[in-house]
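Each remark here refers to the structure printed beneath this line.
Numbering (the numbering used here), first residue to last: 546 to 860.
Have a look at this one:
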């Protein structure tokens, strides 16, 4: 029988951690092993974890120095890789969410009855006090349940790690998580899309908490210059990882074209020569947008950063 391993990362999470762990206790299909990595918390997070050791099948590792959530999850996944077989499953747990009792049961049954290597659901959204903000995380955040693979190559990710379950066989491709990827679950979903595929289901599997200390979630708008720089770094990283990701020649050509577009957009204005390419690839670059909004984004993207900075006040 397949086992379910859970990777949990904590950092100064004392405010909500006990509620999260209690929801793991209440799973209809309990986890077989939980690997908790504390990222050098200065609060009572480790003490709270230790309180649940006798209640949950949990192994705790405490980092001496804070390395960020990507490193903490990477440590937990490496620990799981050392024990899991290819037929087992892996779940990701954030310290501030509350899992619905049927989460692992639903996701496991989906992977047992479908060929994909990765499945993810939806979530209810709650605030810091546990009050419901929205009945659907996808609707609130404008997330498409299905996106093209090339959209993932542009940095779009529709699959939060906390909403997912994936086959342990993916760990061979996932690990080590590269340093250039902005968010760890973006990389996991990218690996899964090329190795077995991704299954999206409409079921809500947890209460997704939005509060002022989220590591990921709904964030303030990032500066245009920073977006262009980050995306260039990601494009370079993807090209360097082409063999590892099993990219096709057409995938590579697309990423090279995207990288060139980003470079020209950052350095030159206007960039109207890019409009035909933007239009051709509009579903990859702007997935889920209606045609009129896609057209607006294409025209805006073709202006280039120098123009937008000088005339539109972008930074």
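Just so it is clear, CB atoms sit at the ideal spot from N, CA and C, and this is done for glycine as well.
In DSSP terms, what residue i is bridged to
| i | result |
| --- | --- |
| residue 616 | Its beta-bridge partners do not exist; DSSP assigns none. |
| residue 712 | 634 |
| residue 753 | 670 |
| residue 607 | 583 |
| residue 820 | Partner(s): none; residue 820 has no beta bridge. |
| residue 726 | Answer by DSSP bridge pairing: none, since residue 726 is not bridged. |
| residue 743 | 663 |
Member of the options whose CA lies at the smallest distance from the CA of residue i
| i | options | result |
| --- | --- | --- |
| residue 834 | 591, 686 and 816 | 686 |
| residue 701 | 608, 840 and 832 | 832 |
| residue 766 | 657, 585, 860 and 636 | 860 |
| residue 600 | 744, 569 and 707 | 569 |
| residue 722 | 806, 623, 650 and 573 | 623 |
| residue 650 | 781, 709, 597 and 739 | 709 |
| residue 642 | 756, 773 and 787 | 756 |
| residue 573 | 787, 652, 618 and 598 | 652 |
| residue 753 | 679, 826 and 560 | 679 |
| residue 683 | 674, 704 and 673 | 704 |
| residue 495 | 688, 571 and 748 | Given a span of 546 to 860 for the chain in the structure shown, any question on residue 495 remains unanswerable. |
| residue 615 | 796, 720 and 773 | 720 |
| residue 771 | 810, 786, 845 and 751 | 810 |
Where the alpha helix (DSSP H) through residue i begins and ends
| i | result |
| --- | --- |
| residue 845 | 836 to 846 |
| residue 803 | 794 to 812 |
| residue 729 | 729 to 739 |
| residue 588 | Per DSSP, residue 588 belongs to no alpha helix (DSSP H) and is neither H nor E. |
| residue 783 | 769 to 785 |
| residue 534 | Any answer about residue 534 is impossible in this case: the structure gives the chain only from 546 up to 860. |
| residue 567 | 562 to 570 |
| residue 645 | Element bounds for residue 645: n/a, residue is neither H nor E. |
Chain-order list of residues whose beta-carbon lies under 7 angstroms from that of residue i (same chain, five-residue window excluded)
| i | result |
| --- | --- |
| residue 847 | 815, 816, 817, 819, 820 and 823 |
| residue 780 | 800, 803, 804 and 807 |
| residue 761 | Caution is warranted here: a pLDDT of 48 is assigned to residue 761, below 50, making its placement in the model unreliable, and the coordinate value is therefore given only provisionally. 728, listed in sequence order. |
| residue 557 | 586, 587, 588 and 590 |
| residue 659 | 744 |
| residue 773 | 807, 810, 811 and 850 |
| residue 775 | 727 |
Same chain, Cβ closer than 6 angstroms to residue i, neighbours up to 5 away in sequence not counted
| i | result |
| --- | --- |
| residue 551 | 576, 579, 636 and 638 |
| residue 726 | 732 |
| residue 633 | 547, 548 and 713 |
| residue 791 | 739 |
| residue 813 | 849 |
| residue 581 | 553, 594, 603 and 605 |
| residue 707 | 637, 639 and 642 |
| residue 689 | 703, 832 and 833 |
| residue 875 | Residue 875 lies beyond the residue range present for the chain, which begins at 546 and ends at 860; the question has no answer from this structure. |
Own chain residues within Cβ distance below 8 angstroms of residue i, not counting five before or after
| i | result |
| --- | --- |
| residue 769 | 850, 853, 854, 859 and 860 |
| residue 629 | 548, 550, 635, 713 and 716 |
Element boundaries [beta strand (DSSP E), containing residue i]
| i | result |
| --- | --- |
| residue 850 | From DSSP, residue 850 is part of no beta strand (DSSP E) but of the alpha helix (DSSP H) over 850 to 857. |
| residue 651 | Residue 651 -> not in any beta strand (DSSP E); alpha helix (DSSP H) instead, spanning 648 to 658. |
| residue 552 | 549 to 555 |
| residue 686 | Here residue 686 belongs to no beta strand (DSSP E); instead the alpha helix (DSSP H) covers 682 to 686. |
| residue 679 | 677 to 679 |
Report yes or no: do the segment 723 to 740 and the segment 689 to 706 share at least 3 C-beta pairs separated by less than 8 angstroms?
yes
Touch test, the segment 710 to 727 against the segment 802 to 819, Cβ-Cβ under 8 angstroms, three pairs minimum
no
Three or more C-beta pairs closer than 8 angstroms, one from the segment 738 to 750 and one from the segment 662 to 681: is that the case here?
yes
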